[in-house]
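Visitor:
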Amino acid sequence: MHEQPSSERKQIGGYWFVRYEKETFLPEQMLQRAKEFFEWANSRRTVRDFSDKPVPREVIEYAIRTASTAPSGANKQPWTFCVVESPALKKAIRQAAEREEYENYHGRMSEAWLKDLAPLGTDWQKPFLETAPYLIVVFKRIYEMDDEGAKRQNYYVTESVGLACGMLLLALHHAGLVALTHTPSPMNFLGKLLERPDNERPFLLIPVGYPAEETFVPDIERKPLEQVCVWYS
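The opening residue of the sequence shown carries number 1 in the UniProt record's numbering; numbering runs sequentially from there.
And the structure:
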């Protein structure tokens, strides 16, 4: 029996589409909402000093649900979010990350790179990888395997996963948590430690939790609008 179209569903090109309605606002309301959202988002900061205070697992799950609403190439949703709370596994990740970071800070990185990092107060030691209650390790899925074992391509994987990570950071900020985007390089050790399949590549390592009781962040500024936006009228 064929499903019949309705006011809420119809077929386009042989595929089902559902009605979409978006709440809209008057111009002055839009401006106020846009301004308030910017001010809230602008209060988000990258934090390296975490409390070990527990965070409810459900909060992290909802943040990941939010991240998974991100647009993706051909709707392939090419991401996996691995949440690490095991102290032993966090310690192993820290040890592996610090081995790589030590090499980075003692020869791999150029002098210019180290100079650019200096105002941020970073070094090869990463205690936050053990202190933070959760590490969210984001993997990008390069391809999928179908039921017959054949590879199925994913599209715009890096762009898609990047969008999802941005939404994840805002979701965590909205929940009152702080996070750090950490990219130890190389980071293939994450796939090995977490026993991920061959179609997944580590993309980002994100410690998540509450800020430490006394937390300081670099006194830096974001670029003004005129440096990041170009209008063509």
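Every residue, glycine too, gets a C-beta built ideally from N, C-alpha and C.
Where DSSP assigns a beta bridge to residue 142, which residues make up the other side?
Guide: As a working note, residue 142 is residue 142 in the sequence shown. DSSP output for residue 142 lists no bridge partner at all.
Visitor: Identify which residue in 41, 36, 20, 46 has its Cα closest to the Cα of residue 182.
Guide: Locating residue 182 in the sequence shown gives position 182, where the first residue counts as 1. Here the closest residue by C-alpha is 46.
Visitor: For residue 121 and residue 221, what's the separation of their Cα atoms in angstroms?
Guide: In the sequence shown, counting from the first residue as 1, residue 121 sits at position 121. In the sequence shown, counting from the first residue as 1, residue 221 sits at position 221. Approximately 15 Å, taken between the alpha carbons.
Visitor: Helix, strand or coil: how does DSSP classify residue 194 here?
Guide: Locating residue 194 in the sequence shown gives position 194, where the first residue counts as 1. Coil.
Visitor: Out of curiosity, what's the CA-to-CA distance linking residue 217 and residue 10?
Guide: Your numbering for residue 217 matches position 217 in the sequence shown. Your numbering for residue 10 matches position 10 in the sequence shown. Distance between the alpha carbons of residue 217 and residue 10 is about 52 Å.
Visitor: What span of residues does the beta strand (DSSP E) with residue 151 cover, start to end?
Guide: As a working mapping, residue 151 is identified with position 151 in the sequence shown. Start and end: 151-153.
Visitor: Give the single residue among 58, 53, 101 whose Cα lies nearest to the Cα of residue 132.
Guide: Here residue 132 refers to the residue found at position 132 when the sequence shown is read from its first residue. Minimum Cα distance to residue 132 is reached at 53.
Visitor: Have a look at 186, 210, 161 and flag the residue whose alpha-carbon is nearest the alpha-carbon of residue 75.
Guide: Position 75 of the sequence shown, counted from the start, is the residue given in the question as residue 75. Measuring from the Cα of residue 75, the nearest candidate turns out to be 161.
Visitor: Could you pull out every residue in the same chain whose Cβ sits closer than 6 Å to the Cβ of residue 178, ignoring the five residues on either side in sequence?
Guide: Taking the first residue of the sequence shown as 1, we reach residue 178 at position 178. If we look at residue 178 and ignore the five residues flanking it on each side, its Cβ neighbours are 47, 211.
Visitor: If distances are taken between C-alpha atoms only, which option among 66, 128, 51, 16 comes closest to residue 213?
Guide: Residue mapping note: residue 213 aligns to position 213 of the sequence shown, counting from 1. Ranking 66, 128, 51, 16 by Cα distance to residue 213 puts 51 first.
Visitor: Is the region 59-68 in contact with the region 152-171, if contact means three or more CB pairs nearer than 8 Å?
Guide: Taking 8 Å as the limit for Cβ pairs, the verdict is that the region 152-171 does touch the region 59-68.
Visitor: Relative to the C-alpha of residue 194, which candidate in 159, 90, 32, 118 has its C-alpha closest?
Guide: Position 194 of the sequence shown, counting from 1, holds the residue named residue 194. Minimum Cα distance to residue 194 is reached at 90.
Visitor: Measure the Cβ-Cβ separation of residue 157 and residue 205 and say whether it is below 9 Å.
Guide: Residue mapping note: residue 157 aligns to position 157 of the sequence shown, counting from 1. Residue mapping note: residue 205 aligns to position 205 of the sequence shown, counting from 1. Going by C-beta atoms, residue 157 is not nearer than 9 Å to residue 205.
Visitor: Suppose contacts are defined by Cβ-Cβ distances below 9 Å. Is residue 152 in contact with residue 126 by that definition?
Guide: Residue 152 sits at position 152 when you count from the first residue of the sequence shown. Residue 126 sits at position 126 when you count from the first residue of the sequence shown. Cβ distance not < 9 Å, so residue 152 and residue 126 don't count as in contact.
Visitor: From this set, 40, 85, 71, 12, which residue's C-alpha is nearest residue 155's C-alpha?
Guide: By 1-based counting over the sequence shown, the position of residue 155 is 155. Cα-wise, what sits closest to residue 155 is 71.
Visitor: If we call anything under 9 Å between Cβ atoms a contact, is residue 167 one with residue 100?
Guide: Taking the sequence shown and counting its residues from 1, the one referred to as residue 167 is at position 167. Taking the sequence shown and counting its residues from 1, the one referred to as residue 100 is at position 100. Not a contact, by the Cβ cut-off of 9 Å.
Visitor: In this structure, what does DSSP give as the bridge partners for residue 182?
Guide: The sequence position of residue 182 within the sequence shown is 182, counting from 1. According to DSSP, which records beta bridges pairwise, residue 182 is partnered with 205.
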